[in-house]
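What follows is a short report on a single structure.
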Amino acid sequence: MKAVFVFFLAACLVAGAFKPLTAQVSIAPSTVFISDQTNIGTVYVSNRSDETQEVSIEFAFGYPSSDENGNIIMVYDDQEAFQKHAINEWVRAFPRSFVLGPRQQQTVRFQVRPQPQAEDGTYWTRVRILANPQTPDIDLAPDEDGIATRITFRFEQIIAAFYKKGNTTTGVNVTTVDARHEDDRLILLPHLQRTGNSPFVGSIVAKMYDTGGNLVAERQTTTTAYFDAVRRIELDTEGLEPGNYRVELSFETRRGDISPADLVQAPPVTEVIEVTIP
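Quick note, the sequence shown lines up with residues 2 to 279 if you use this note's numbering.
Next up, the structure:
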């Protein structure tokens, strides 16, 4: 009798192995915003492959945090934040699981039933969309000991879902900015204090000027601050003359991939620092 070992592999871990692992199931939109005016949100799940997919929806409370160097770390075990901000016990998905044929699309609706005593603010969770092809598993030939391996591909995508209740406010205060120069890069680490009752979702823009007021480097990237956080943005300084420069860091509730109507708005915040390029 031969032994069979079964492995479940996430798509992101096995890209390029055995068969192409491009996004077989796509999700739109990439972030869900639910208003207390309707308590309903919608996601469209599309099967872009030629295989029938078994899809299921799960919820996992979490948020992006950071280490002292501004590297993003996902937090899924913050029980205090879960009690205060999670909608996991309020939200339901319809349908929760379904079979999606090749090139087909399924509408999934989220319904939120908040607790009556919930305070104004933004609550959230992460939505996990799991997809398994309905085709047979891949059986690899047994080795000389009679042990075979069976591989099942499992595709997982995670998006954020926000529920806005009542009067929502947000913003950031920049308490300090750490700056250091490494290998033709200026690394900026702004320390943020989030204000209001909602996560800050927007963009950070870094601009660097020489002593003559000329713009010599610029970069923009999306950013969030669910709570107080350290963020990281880098500017390319290759070819710049050594000397003193002025850097402006601006935080705006503006994103190219999200409608302004969905974002909790806040006035732009700009912090200016002086740096020296050696």
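Every residue gets a Cβ at the ideal spot worked out from N, C-alpha and C, and that includes glycine.
Beta-bridge partners assigned by DSSP to F111: G42, A94.
With distances taken between CA atoms, V100 lies nearest to I58 out of I58, G122, Q84, T126. Measuring C-alpha to C-alpha distances from L190 to each of R220, R247, A230, F83 identifies A230 as the nearest.
Annotation: Y64 to Y227 spans about 7 Å, alpha carbon to alpha carbon.
Per DSSP, reduced to three states, the secondary structure at A207 is strand. Secondary structure note for F252: it is in no alpha helix (DSSP H), and the uninterrupted beta strand (DSSP E) holding it is 244-253. Beta-bridge annotation (DSSP): K85 is not paired with any residue. Per DSSP, reduced to three states, the secondary structure at Q158 is strand. By the Cβ neighbour-count rule, V273 is exposed, with fewer than 16 other Cβ atoms within 10 Å of its own. With respect to the C-alpha of I234, the residue from P243, I28, A218 having the closest C-alpha is A218.
The three-state secondary structure of Q266, taken from DSSP, is coil. Our two residues, T176 and L250, have alpha carbons roughly 12 Å apart in a direct line. Short of 8 Å from the beta carbon of R97, and not among the five residues preceding or following it, lie these beta carbons of its own chain, in chain order: S57, I58. In the DSSP assignment, Y64 falls within the unbroken beta strand (DSSP E) covering 64-67. Buried is the label assigned to L187, since at least 16 other Cβ atoms lie within 10 Å of its Cβ. Secondary structure at Q105: coil, using DSSP grouped into helix, strand and coil. The C-alpha of P117 is placed about 24 Å away from the C-alpha of D79.
Within the DSSP secondary-structure output, S31 pairs in no beta bridge.
Under the 10 Å beta carbon count, Q25 is surrounded by 16 or more other beta carbons and is classified as buried. The alpha-carbon separation between V265 and S27 amounts to approximately 26 Å. Within the model, the alpha-carbon separation for T108 versus I160 is close to 15 Å.
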